[in-house]
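Worksheet for the structure shown next.
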Amino acid sequence: MISVTKNHKEPPGILISDRCTRRIEQALVEKGKHELCRNCCGVRVRNALKELYHNKCAYCETDAGAGAVLRIEHYRPRKGIKGEYHSGYYWLTYEWSNLLPACEKCNSSKSNRFPLEPTGKRAAVPVLIEGKLSRADCLADSGVLRAEKPLMLHPEIDEPERDMIFLPDGTVRGRADRDWDRGKRTIEVCRLDRVELVLARKKVVDRFLARIRELLDDLVEQRGKKEFSRRFDRFLIKLLKAHEPHRPYSRLGWFMFQKFELFFVKQLGKKGQRVVRKAYESFRDRYKTSWK
Ligand SMILES: [Zn+2]
392 MISVTKNHKE PPGILISDRC TRRIEQALVE KGKHELCRNC CGVRVRNALK
442 ELYHNKCAYC ETDAGAGAVL RIEHYRPRKG IKGEYHSGYY WLTYEWSNLL
492 PACEKCNSSK SNRFPLEPTG KRAAVPVLIE GKLSRADCLA DSGVLRAEKP
542 LMLHPEIDEP ERDMIFLPDG TVRGRADRDW DRGKRTIEVC RLDRVELVLA
592 RKKVVDRFLA RIRELLDDLV EQRGKKEFSR RFDRFLIKLL KAHEPHRPYS
642 RLGWFMFQKF ELFFVKQLGK KGQRVVRKAY ESFRDRYKTS WK
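Residue numbering for the sequence shown follows this note's numbering, starting at 392 and increasing by one per position.
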């Protein structure tokens, strides 16, 4: 999960059209029984979300090009809340800041779950002014919705980068092992530690590790140190690119580069460790790579 910039004040035209305004009014009457209008929340909105999220799932960062089908996910569920007597956030059914692209797996795992911190208070439908909603109260970062203290991270208003830690075996964990840790709960709710995701992330790590081993073998067998340094630099530039936001599992890319010792050096024999560590440190010194 990574931060994404979306202008909440400029939704796609369809979401502020007369037709959608009527649907919102309908939802206010029908509440949790309102059926989503597939014209309003359809292909145009999905395409706008896909573009902003580089065609990746907002939660697990799986690329839709790699087989994941992206759905329009309601961050705050529109029909009921799991484990509570609540009709859901039906008034946010067509709210741009409440819509995220999610793969089928994350979407169905999350379903209508939306846990809050123990001190958070579930929001009620905002007071209507002349029968209409105040959009300001519907924005995901509005005071009233933030006061709920959601445990689910929102890629457009939080910095999920601070709350999740990726490890060389493909697993992910929250910063703290307590129930109200936002990273931990988001991982649980969306099952970001499901086996196929862990394996997919591990595959990315293994591919880079295999390349390091190849380079080391070449160094021993035939090529000189100079050639090794040149090729290792090229490898690290490629590793840096794994962090670009359009890459699948790009947050893992950040960890692979920044925690290079843990991800790669420690997996090598003693001699390999010395050579690779030195080459990595030299690269960092020369390029002064500083990431947040
Ligand atoms: Zn996903």
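Glycine included, C-beta positions come from ideal geometry on N, C-alpha and C.
Rounded C-beta distance between residue i and residue j? I'm assuming under 8 Å.
| i | j | result |
| --- | --- | --- |
| residue 429 | residue 403 | About 14 Å separates the two Cβ atoms, so there is no contact after all. |
| residue 481 | residue 422 | 5 Å |
| residue 406 | residue 485 | 5 Å |
| residue 658 | residue 600 | 6 Å |
| residue 557 | residue 592 | 7 Å |
What's the C-alpha gap between residue i and residue j?
| i | j | result |
| --- | --- | --- |
| residue 656 | residue 492 | 36 Å |
| residue 476 | residue 454 | 36 Å |
| residue 678 | residue 569 | 38 Å |
| residue 513 | residue 675 | 47 Å |
| residue 555 | residue 562 | 10 Å |
| residue 542 | residue 638 | 26 Å |
| residue 573 | residue 450 | 13 Å |
| residue 427 | residue 408 | 15 Å |
| residue 525 | residue 424 | 22 Å |
| residue 616 | residue 651 | 21 Å |
| residue 401 | residue 439 | 11 Å |
| residue 418 | residue 483 | 9 Å |
| residue 579 | residue 585 | 9 Å |
Would residue i and residue j be called neighbours here (beta carbons separated by less than 8 Å)?
| i | j | result |
| --- | --- | --- |
| residue 448 | residue 497 | yes |
| residue 552 | residue 462 | no |
| residue 538 | residue 489 | no |
| residue 446 | residue 470 | no |
| residue 671 | residue 627 | yes |
| residue 647 | residue 589 | no |
| residue 559 | residue 654 | yes |
| residue 411 | residue 501 | no |
| residue 460 | residue 495 | yes |
| residue 544 | residue 577 | yes |
In its own chain, which residues sit with a C-beta less than 6 Å from the C-beta of residue i, not counting the 5 before and 5 after it?
| i | result |
| --- | --- |
| residue 683 | Unreliable placement is indicated for residue 683, whose pLDDT of 48 sits below 50; the coordinate value is still reported in the next sentence. Cβ neighbours of residue 683 beyond the five flanking positions: none. |
| residue 468 | 479, 503, 505 |
| residue 583 | 451, 563 |
Tell me which residues share the same chain as residue i and place their Cβ nearer than 8 Å to its Cβ, disregarding the 5 neighbours each side in the sequence.
| i | result |
| --- | --- |
| residue 394 | 546, 547, 549, 550, 551, 552 |
| residue 635 | 641, 644 |
| residue 397 | 443, 487, 488, 547 |
With a threshold of 7 Å on Cβ separation, who are the neighbours of residue i within its own chain once the five nearest residues in sequence on each side are excluded?
| i | result |
| --- | --- |
| residue 540 | 507, 508, 510, 511 |
| residue 472 | 479, 503, 505 |
Taking only runs of the beta strand (DSSP E) that begin and end inside the stretch 575-631, which ones reach a length of at least 3 residues, in chain order? none
Please go through the stretch 515-542 and give each complete beta strand (DSSP E) segment of 3 or more residues, from N-terminal end onward. none
Beta strand (DSSP E) runs wholly inside the stretch 417-497, at least 3 long, in chain order: 461-465, 490-494
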